[in-house]
Amino acid sequence: MTNKAVLVGIYPQGGEETCQKSLDELERLADTAGAEAFARVTQLKNVPDAATCIGSGKLEELKELCQNNDISNIIFDCELTPAQIRNIENATECDVVDRSMLILDIFALHATSAEGKIQVELAQLKYTAPRLIGKGKDMSRLGGGIGTRGPGESKLEIDRRRLASRIAFLQEELRALEKNRQTMRAQREKSTIPKACIVGYTNAGKSSLLNLLTDAGILAQDKLFATLDPTTRKFALPSGISMLLTDTVGFIRKLPHHLIHAFKSTLEEAVYCDFLINVVDASDEECFEHMAVTEAILESLGASAKPILFVFNKADKCTNERLYDLRFLNGSRGRVVTVSIKENIGCDELISQLESLCRYGKTREHFLFPYSDQKSLNTLYNMSEIISTEYTDDGVLVYAWVDEKARGMFSKYIK
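Residues 194 to 608 (the working numbering) make up the sequence shown, in order.
And the structure:
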């Protein structure tokens with residue numbers, strides 16, 4: 194059964210249009226969580242009211258709206274304090290969640306791996322617990338409503354004195370899983386296979402791109418945050434080069450800092466890759482704003498300087514003028530392709546660009562290895578893309594694409 198919800202936003206002088214766009218996104222978040230947006234309530238307020246966020250007069254209006262229309266949830270497009278949640282719930286007799294709590298609920302809905310579930314529960318406990326205490330409901334949120342889901346929902350019943358130990362336990366579990374991730378990452382580093390990380394705003398088509406290229410079979414829905422756990426797949430390019438593609442959780446505006454921290458180990462895939470594939474929904478009117486959000490988060494992770502390929506998706510739904518603007522404005526910041534993943538348009542150009550990026554910073558070199566040094570030859574084979582091999586009287590003549598490291602290691606054999 195879908196819960197009816199009222200969406201609430203506040204905005205400063207001159208910020209009503211921005212507020213409505215943010216509420217559009219909040220409505221999609223609510224839909225992903227299983228709530229139907231029944232109405233919107235907005236309030237012009239430069240500074241949120243300390244007690245109720247929206248002020249006593251607007252709160253009375255909100256109360257009447259909820260009582261007259263059998264509303265069960267109120268969702269605020271901002272972060273609320275424990276006192277604000279308690280006061281609003283006491284006045285309206287509805288469950289109140291803020292934007293961060295709603296995102297956490299969706300994360301809980303889509304977490305499937307052990308690491309993802311621990312990250313979600315940890316973030317829920319750190320962010321939600323003090324707010325639930327403030328509600329005066331003994332930290333209980335069982336009942337199946339919006340904001341109640343997740344691997345940590347039953348854990349919210351634990352005594353306050355044990356909350357810190359539960360958080361510490363989860364942090365230790367997460368550290369152990371992060372060590373495993375670091376080990377896997379180190380193994381990928383040794384392989385010298387080019388690594389690309391697919392990033393971008395939520396619901397831009399990242400998972401669809403990975404499915405198209407690798408038949409990964411991961412969930413790709415027209416929902417926000419359909420993908421939470423990162424997925425890595427190998428993709429063989431037409432030239433014979435193999436590369437690793439990693440899908441990541443989508444970004445979103447007002448993504449709480451504690452969520453970025455909770456998912457730091459998975460988001461760090463963007464830091465350790467060789468280049469980024471930034472997928473953008475070109476048909477979205479706010480695509481430029483979405484790109485700015487993505488770039489800001491990448492910068493906060495320390496990954497903004499990576500070589501980047503902009504993939505402007507859903508080109509079949511765009512005007513030529515929009516596509517021209519996107520190409521022109523971003524051409525100096527990285528490589529650009531326009532595609533429609535759903536319609537399989539532009540994929541040849543995309544693959545060509547991936548080929549080029551896999552060879553970014555590499556040069557073609559001739560090496561002559563003496564038969565007495567087969568160990569070095571084997572190392573080169575493991576580190577580089579071999580173009581041709583010829584056995585001569587003087588040794589093994591190898592033509593290969595090599596990076597700076599390989600070029601330096603075997604410089605004495607370069608012809």
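Yeah, the Cβ is synthetic: ideal placement off N, Cα and C, and Gly gets one too.
Alpha carbon of residue i to alpha carbon of residue j, nearest angstrom
i, j, result
"D596", "I534", "31 Å"
"F503", "F481", "12 Å"
"V313", "A301", "6 Å"
"R279", "V530", "50 Å"
"K427", "G588", "33 Å"
"L295", "I268", "8 Å"
"F468", "C287", "47 Å"
"E257", "T285", "8 Å"
"A379", "A357", "32 Å"
"S215", "D270", "8 Å"
"K507", "T572", "43 Å"
"L335", "L550", "Caution applies to L335, whose pLDDT of 45 falls short of 50 and renders its modelled position unreliable; the value that the coordinates give is listed next. Rounded to whole angstroms, L335 to L550 spans 49 Å at the Cα level."
"S577", "T407", "22 Å"
"S265", "S525", "49 Å"
"N283", "V201", "17 Å"
"R528", "Q546", "8 Å"
"R515", "E461", "32 Å"
"E536", "I544", "16 Å"
"Y606", "M436", "27 Å"
"S497", "E488", "7 Å"
"R557", "I579", "9 Å"
"G601", "L405", "37 Å"
Interface flag, residue i vs chain D, CB-CB below 9 Å
i, result
"T274", "Annotation note: the requested chain D is absent from the structure, which comprises a single protein chain."
Residue i burial status per 10 Å Cβ neighbour count (16 or more: buried)
i, result
"P387", "buried"
"R355", "exposed"
"M377", "exposed"
"T211", "exposed"
"Q364", "exposed"
"Y204", "buried"
"F362", "exposed"
"S581", "exposed"
"Y517", "exposed"
"A304", "buried"
"G250", "exposed"
"T585", "exposed"
"E478", "exposed"
"N471", "buried"
"F521", "exposed"
"I445", "buried"
"A429", "exposed"
"A599", "buried"
"Y564", "exposed"
"G329", "Low local confidence applies: a pLDDT of 41 at G329 is under 50, so the model's placement there is unreliable, with the coordinate-based value given in what follows. Flag for G329 reads exposed."
"Y320", "buried"
"A316", "buried"
"E209", "exposed"
"A223", "buried"
"A485", "exposed"
Residues that residue i bridges to, as DSSP identifies them
i, result
"N613", "In this structure the chain extends from 194 to 608, so residue 613 is not present and cannot be described."
"S476", "Looking at the DSSP assignment, S476 forms no beta bridge with any residue, so it has no partner."
"C246", "D242"
"Y592", "H559, S581"
"Q236", "I203"
"R292", "The partner list for R292 (beta bridge, DSSP) is empty, contrary to what the question assumes."
"A228", "N196"
"I607", "F560"
"I538", "S533"
"S545", "S545 is not bridged to any residue."
Cβ shell of residue i (< 8 Å), same chain only, five flanking positions each side left out
i, result
"G248", "Q236, K238, D242"
"Q206", "L237, N239"
"N262", "K197, F231, A232"
"Y553", "D467, F468, P500"
"G495", "V464"
"S493", "I453"
"G539", "A508, V530, T531, V532, S533"
"G327", "The predicted model places G327 with a pLDDT of 43, which falls under 50 and marks its position as unreliable; any figure quoted below should be read in that light. Excluding residues within five positions, the ones whose Cβ falls inside 8 Å are T274, P275, A276, I278, R279."
Close beta carbons around residue i, own chain, < 6 Å, minus the five adjacent residues each side
i, result
"E366", "I311"
"E583", "L590"
"H483", "Y394"
"N523", "F503, V529"
"L219", "L200, D270"
Cβ separation of residue i and residue j, assumed to be a contact under 8 Å, to the nearest whole Å
i, j, result
"G433", "Y394", "The Cβ separation is near 33 Å, so there is no contact."
"F505", "L519", "5 Å"
"A463", "V392", "6 Å"
"A397", "V473", "6 Å"
Proximal residues to residue i (C-beta, below 7 Å), its chain only, five neighbours per side dropped
i, result
"K447", "R292"
"T245", "L252, Q277, N280, I281"
"S476", "K507, K510, C511"
"K555", "W594, V595, D596"
"E542", "V530"
Residue i: CB within 8 Å of a non-hydrogen atom of the ligand ATP
i, result
"F300", "Summarising the ligand content, the structure contains no ligands, and the ligand ATP is consequently not present."
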